[in-house]
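Written out below as structure tokens is the structure these notes cover.
2 protein chains.
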Amino acid sequence: MDFFETVEKRRSIRKFTEKSIPPEVVHRALDAAILAPNSSNVQTWDFYWVKSPEKKSKLIEACLSQAAARTAAELIVVVADPSLWRRSQAGLIAYTEQVNAPKLVKDYYKKLIPITYSYGWFNSLGLIKKILYNCVGLFRPTPRSPATMRDLQEVASKSAALAAQNFVLAMTAQGFQTCMMEGFDACRVSRLLGLKSPARPVMVIGMGQELPDGKGTWGGRYRIDKNLVVHEI
Amino acid sequence: MDFFETVEKRRSIRKFTEKSIPPEVVHRALDAAILAPNSSNVQTWDFYWVKSPEKKSKLIEACLSQAAARTAAELIVVVADPSLWRRSQAGLIAYTEQVNAPKLVKDYYKKLIPITYSYGWFNSLGLIKKILYNCVGLFRPTPRSPATMRDLQEVASKSAALAAQNFVLAMTAQGFQTCMMEGFDACRVSRLLGLKSPARPVMVIGMGQELPDGKGTWGGRYRIDKNLVVHEI
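Residue numbers (our numbering), protein chains in the order written: chain L, 1 to 233; chain A, 234 to 466.
Below is the structure:
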């Protein structure tokens, strides 16, 4: 499907038909998801495709049993976990060697990433970094974040959102629809998936075939005036 | 361009040619951006297209003068601001009336959104909500977030990321490339744009024509094994 047609067609669907989704469709969307840009390319995301009926029913409950979860043919939890930089680091270092990347890039993955992603016991290092960044920032342009665990969690959650957007578009491009849900009990979802801090579920995506005649949504698509949102300065 | 071809072709480009971008290309990408799904459809995002040479050079400086900013034909700052629910609310209420949405949806925009997006002086209400959610959560599935200002900022930043992803794909689909930057001085960018808390710049997007022969990146595309990232449970 054409890119702009895909963007136009994608809607958040609250109610799906009973049609199942061929697994290869979901896999193709996952392939698209992991091609999304992400912070420093450390790929601090995980995708839990919840298939076991028992776990699925617990997940639906944690999503407050909303129709978009209840009627979904498949459910995927998008998890953001800044500590996953450790999973990618060795591969990234090997890859920068293999393609003979500039020294700056090699050092970035060897030395700078471990410093950037450390926040110490009880955020001690994170708070020191925060103070330091703001002091240096008085004199020259300095990124003030990420410093604390929460900052890093947010960076990971932003990257996970980029992947999630690729995912939902890829489902639309293949004739299915999705609903991104944020209204869920994150504690219960974390327990279900066995997540440990700093990992957090940042989105649950329900997917399936859209009900005909627009019955899967409560109305058309509403956006405020573009001129309120875009500022040319 | 085909959707999957667009996803494959999109790369984060660090160095652009001197070719300018026709404004209608950027506008079409902005149109795609604001069609992204977003939390409760309250559209708490702003896009600052920095055109004035003076402001642009200050923005480049705030982006640590990195090549992706310095060589970009155009620069857009993506801002997430949870307080912007107020800008959308009247239109959303009018729209739900116009299409005669279910009462639940109408009430959601009239009553629930103002409660959800309030955090009180010095986060007082936010902290009370956090305690309350966690107490209720002991007994039944309850969303634990957003409660505090930071939670709301993160929700807005996640939604802004979804729009940003549509934007970068739309630029690729039209033959240009982009670089999402998070390494910038958020204080200096906020000052430049005149932003006030809780608004925050969450991403700066540089865009232009890719240098030929892969000279705009330091190497190919590296992703860790999909089996590490996708968990079927």
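The beta-carbon is built from N, C-alpha and C at its ideal position, and this holds for glycine as well.
Here DSSP, grouped into helix, strand and coil, assigns Q386 (chain A) to helix. The beta carbon of W282 (chain A) lies closer than 6 Å to those of I309 in the same chain, with the five residues before and after it left out. Where A419 (chain A) is concerned, the enclosing alpha helix (DSSP H) starts and stops at 419–426.
Residues of the region 61–93 of chain L that bring their beta carbon within less than 7 Å of a beta carbon in chain A comprise E61, A62, L64, R87, S88, G91, L92, in sequence order.
For M414 (chain A) against I254 (chain A), the beta-carbon gap comes to about 17 Å, at or over 8 Å, which does not count as contact. The three-state reading of DSSP puts R243 (chain A) in coil, since its state is none of H, G, I, E or B. Taken in chain order, the whole alpha helix (DSSP H) runs of length 4 or more contained in the region 35–81 of chain L are 53–62, 67–70. In this structure, W45 (chain L) and A80 (chain L) form a Cβ contact; the two beta carbons are roughly 6 Å apart against a cut-off of 8 Å. Of the candidates A:A265, A:P315, A:P270, A:P315 places its Cα closest to the Cα of V435 (chain A).
One Cα belongs to C368 (chain A), the other to I361 (chain A), and the distance between them is close to 11 Å. About 5 Å separates the CB atoms of N166 (chain L) and A36 (chain L); that is less than 8 Å, so the two are in contact. Per DSSP, reduced to three states, the secondary structure at E210 (chain L) is strand. Ranked by Cα distance from L292 (chain A), the options A:H464, A:L425, A:Q442 are led by A:L425.
Residues of chain A with a Cβ closer than 7 Å to the Cβ of E54 (chain L) do not exist; the shortest Cβ-Cβ separation is about 10 Å. When Cβ-Cβ separations below 9 Å define contact, S392 (chain A) makes contact with chain L.
Beta-bridge annotation (DSSP): R373 (chain A) is not paired with any residue. Going by DSSP, V462 (chain A) is part of the alpha helix (DSSP H) stretching over 459–462. Interface residue (Cβ-Cβ distance to chain L less than 9 Å): N399 (chain A) is classified as such.
The DSSP-derived three-state label of E415 (chain A) is coil. For M171 (chain L), the three-state secondary structure derived from DSSP is helix. Under the 9 Å criterion on CB atoms, I348 (chain A) is classed as non-interfacial with respect to chain L.
With fewer than 16 other Cβ atoms from the protein chains shown falling within 10 Å of its own Cβ, R221 (chain L) counts as exposed. The CB of C187 (chain L) comes closer than 7 Å to the CB of G370, R377 in chain A, given here in chain order.
Taking the Cα positions, E232 (chain L) is about 12 Å away from K226 (chain L). Three or more pairs of CB atoms, one per stretch, sit closer than 8 Å, so the region 155–166 of chain L contacts the region 373–393 of chain A. In the same chain as K15 (chain L), and ignoring 5 residues on each side of it, the C-beta atoms closer than 6 Å to its own belong to A67, T71, L211, G216, in chain order.
Here DSSP, grouped into helix, strand and coil, assigns F122 (chain L) to helix. Looking at the backbone, the Cα of K284 (chain A) and that of G427 (chain A) are separated by about 15 Å.
The C-beta of G126 (chain L) has 16 or more other C-beta atoms within 10 Å across all chains shown, which makes the residue buried.
Listed along chain L is no residue with a C-beta nearer than 8 Å to that of V437 (chain A); the closest approach is about 11 Å. Taking C-beta atoms as the reference points, I113 (chain L) and L84 (chain L) fail to come closer than 9 Å. With a 10 Å radius around the Cβ and a threshold of 16 neighbouring Cβ atoms, R86 (chain L) comes out exposed.
Residue-level contact check: K196 (chain L) does not touch chain A, since none of the beta carbons of chain A fall below 9 Å from its beta carbon.
I438 (chain A) sits in a strand when the DSSP states are folded into three classes.
Close to M413 (chain A), with beta-carbon spacing below 7 Å, are these residues of chain L in chain order: P37. The beta-carbon distance between G447 (chain A) and D185 (chain L), rounded to whole angstroms, is 46 Å. This is too long to meet the 8 Å contact definition.
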